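Some notes on the structure that comes next.
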Amino acid sequence: MNYKDLIAIDIHTHAEVSCWNPFDNYGEEYDRAADKFFGSNRRPTIEETVAYYRERKIGLVMFTVDSESQLGRRRIPNEEIAKAARDNSDMMIAFASIDPHKGKMGAREAERLIKEEGIKGFKFHPTVQGYHPYDKMAWPIYDVINEYKLPAIFHTGHSGIGSGMRCGGGLRLAYSNPMHLDDVAIDWPDMQIVMAHPSFPWQDEALSVATHKPNVWIDLSGWSPKYFPKQLIQYANTLLKDRILFGSDYPLITPERWMKDFEVAGFKPEVMPGILKDNAVRLLGLDKAA
């Protein structure tokens, strides 16, 4: 990634539509519920998303969420996202998502994706994937990530997916309490853990874990900055200024809206460049690659 040519790096964007697989409308009610929750109905292809970010000179990390076991939905191929990243390597990086229920087979896939596809990190969503972050079935995948010293993004806090559905779509919020990642941070110290989103209703737990464990980061995706809890802004301005990351959750939130609100949310001018780009450069090892 030619990060010096970019104004920011969005650490949290989603692949929404596959151009390789046929459309899978199974479980589409989850999409409709998320659209209502976020006030958005954008479903761009990977190429459309890349073009959108290129036009704005913003780098992006993209991934899907593999929840085949819990939701029964066919995932977007990790390989499709990886190819897009290779084709746009000046401004895009691909993370992979592997359902933790796939255990050792998932670990084999993780290693193959790293070695053969150039995957630079991984994405987990405990609520949607239906597992406790420290569940033993996920350990083989964590071992691979730890061995290669790669980052892993974990959804934390409330889930827009399932919100408003009968029984919340059967998705359990407690899996995404950030305190569960404390154990993961201890046992896989070379895996950089990114806690995604302001972790409502557990913001203080997230700040505690990140302050205590130096391999834990926080991305600010999924919320407009004008709604951030005051303690999150306080820690971003002080103790955690080097481990706070810009993320939008695109296409559910656009980077334009996020960055506009970020300017007036109370962040100190001296920490803003780090949040927008410099911290991501270190997390992704781009400075070392250069």
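Residue numbers for the sequence shown follow my numbering, so the first one is 22 and each next one is one higher. We put the beta carbon where it would ideally sit given N, CA and C, even for glycine. Model, not experiment: these values are computed from the prediction.
Next on the checklist: Threshold first: 3 residues or longer. Then list the beta strand (DSSP E) segments lying entirely within the region 29-66, N to C.
Outcome noted: Complete beta strand (DSSP E) runs here, min 3: 29-35.
Next on the checklist: In this structure, how does DSSP classify Y169 when only helix, strand and coil are distinguished?
Outcome noted: Taking the first residue of the sequence shown as position 1, residue 169 is located at position 148. For Y169, the three-state secondary structure derived from DSSP is coil.
Next on the checklist: Please classify N109 as buried or exposed, where buried requires at least 16 other C-beta atoms within 10 Å of its C-beta.
Outcome noted: Within the sequence shown, the letter at position 88 stands for residue 109. Buried is the call here.
Checklist entry - What's the call for P154, buried or exposed, on a 16-neighbour Cβ count within 10 Å? => result In the sequence shown, the residue the question calls residue 154 occupies position 133. With 16 or more Cβ atoms within 10 Å of its Cβ, P154 is classed as buried.
Item to check | Enclosing alpha helix (DSSP H) for L126 [first to last residue] | outcome: In the sequence shown, residue 126 corresponds to position 105, counting from 1. Checking the sequence shown, residue 126 turns out to be Met, not Leu. DSSP places M126 inside the alpha helix (DSSP H), whose first and last residues are 124-138.
Item to check | Complete runs of the beta strand (DSSP E) confined to the region 189-229 [at least 3 residues] | outcome: Complete beta strand (DSSP E) runs here, min 3: 213-217.
Next on the checklist: Just to confirm the assignment, what range does the alpha helix (DSSP H) spanning D19 have?
Outcome noted: Nothing can be reported for residue 19: it is not among the residues displayed for the chain, which extend from 22 to 311.
Next on the checklist: Considering only the alpha carbon of each residue, which of D120, G185, V71 lies closest to K104?
Outcome noted: Stepping through the sequence shown from its first residue, residue 104 is reached at position 83. For K104, the nearest C-alpha among the options comes from V71.
Checklist entry - Do you know how far the Cα of P172 is from the Cα of G181? => result Numbered from 1 along the sequence shown, position 160 holds the residue referred to as residue 181. Numbered from 1 along the sequence shown, position 151 holds the residue referred to as residue 172. If you take the alpha carbons of G181 and P172, they lie about 23 Å apart.
Next on the checklist: Applying the 10 Å Cβ sphere with the 16-neighbour rule, what's the burial state of A195?
Outcome noted: Working through the sequence shown from its first residue, we reach residue 195 at position 174. Under a 10 Å Cβ-count criterion, A195 is classified as exposed, with fewer than 16 other Cβ atoms of the shown protein chains found around its own Cβ.
Item to check | CB of V302 within 8 Å of CB of Y51, strictly | outcome: The sequence position of residue 302 within the sequence shown is 281, counting from 1. The sequence position of residue 51 within the sequence shown is 30, counting from 1. In this structure, Y51 does not lie closer than 8 Å to V302 by Cβ.
Item to check | C-alpha gap between P147 and D120, whole angstroms | outcome: Numbered from 1 along the sequence shown, position 126 holds the residue referred to as residue 147. Numbered from 1 along the sequence shown, position 99 holds the residue referred to as residue 120. Per the coordinates, the alpha-carbon of P147 lies some 10 Å from the alpha-carbon of D120.
Next on the checklist: Tell me the rounded alpha-carbon separation between T275 and S269.
Outcome noted: What you label residue 275 is simply residue 254 of the sequence shown in a count that begins at 1. What you label residue 269 is simply residue 248 of the sequence shown in a count that begins at 1. Going by the C-alpha atoms only, they are around 6 Å apart.
Item to check | Backbone CA spacing between A106 and F116 [nearest angstrom] | outcome: Position 85 of the sequence shown holds residue 106. Position 95 of the sequence shown holds residue 116. When rounded, the distance between both Cα atoms is 9 Å.
Item to check | Proximity of M212 and W238 at Cβ, strictly below 8 Å | outcome: For the purposes of this step, residue 212 is taken as residue 191 along the sequence shown, with counting starting at 1. For the purposes of this step, residue 238 is taken as residue 217 along the sequence shown, with counting starting at 1. In this structure, the beta-carbon distance from M212 to W238 does not fall below 8 Å.
Item to check | Where the alpha helix (DSSP H) through A115 begins and ends | outcome: Reading the sequence shown from its first residue, position 94 is the one you call residue 115. Note, A115: premise wrong, no alpha helix (DSSP H); beta strand (DSSP E) at 113-115.
Checklist entry - In terms of DSSP beta bridges, what is D87 paired with? => result As a first step, residue 87 is located in the sequence shown; it is residue number 66 there, counting from the start. Note: D87 sits in no beta bridge, so no partner.
Item to check | Cβ-Cβ separation, A29 to F267 (assumed contact under 8 Å), whole Å | outcome: Residue mapping note: residue 267 aligns to position 246 of the sequence shown, counting from 1. Residue mapping note: residue 29 aligns to position 8 of the sequence shown, counting from 1. Contact holds; Cβ gap of about 6 Å.
Item to check | Whole-angstrom distance between F283 and G295, CA atom to CA atom | outcome: Here residue 295 corresponds to residue number 274 of the sequence shown, with the count starting at 1. Here residue 283 corresponds to residue number 262 of the sequence shown, with the count starting at 1. Answer to the nearest angstrom: the Cα atoms are 13 Å apart.
Checklist entry - Which residues in the same chain have their Cβ closer than 6 Å to the Cβ of I32, if we skip the five residues on either side of it in sequence? => result The residue given as residue 32 occupies position 11 in the sequence shown. V82, D240, L266, G268, A301, listed in sequence order.
Next on the checklist: For the beta strand (DSSP E) containing H251, name the first residue and the last one.
Outcome noted: Your numbering for residue 251 matches position 230 in the sequence shown. The sequence shown places Lys at residue 251, rather than the His named in the question. First-last for K251: 251-257, but that is the alpha helix (DSSP H), not the beta strand (DSSP E).
Checklist entry - Exposed or buried, D87, counting other C-beta atoms within 10 Å across all chains shown (16 or more means buried)? => result Walking along the sequence shown from the start, residue 87 turns up at place 66. Buried, since its Cβ has 16 or more Cβ neighbours within 10 Å.
Next on the checklist: Among the candidates M293, N198, P250, P98, whose CA atom is the shortest distance from the CA of K262?
Outcome noted: Position 241 of the sequence shown, counted from the first residue, corresponds to residue 262. Comparing Cα positions, the closest option is M293.
Checklist entry - For F143, which option in K136, P161, F175, K125 has the closest C-alpha, if you only look at C-alpha atoms? => result For the purposes of this step, residue 143 is taken as the residue at position 122 of the sequence shown. In terms of Cα proximity to F143, the closest of K136, P161, F175, K125 is F175.
Checklist entry - Can you name the start and end residues of the beta strand (DSSP E) that D240 belongs to? => result Counted from its first residue, the sequence shown places residue 240 at position 219. First-last of the beta strand (DSSP E) with D240: 237-240.
Item to check | Three-state secondary structure (DSSP) of L283 | outcome: In the sequence shown, counting from the first residue as 1, residue 283 sits at position 262. In the sequence on display, residue 283 carries Phe and not Leu. Helix.
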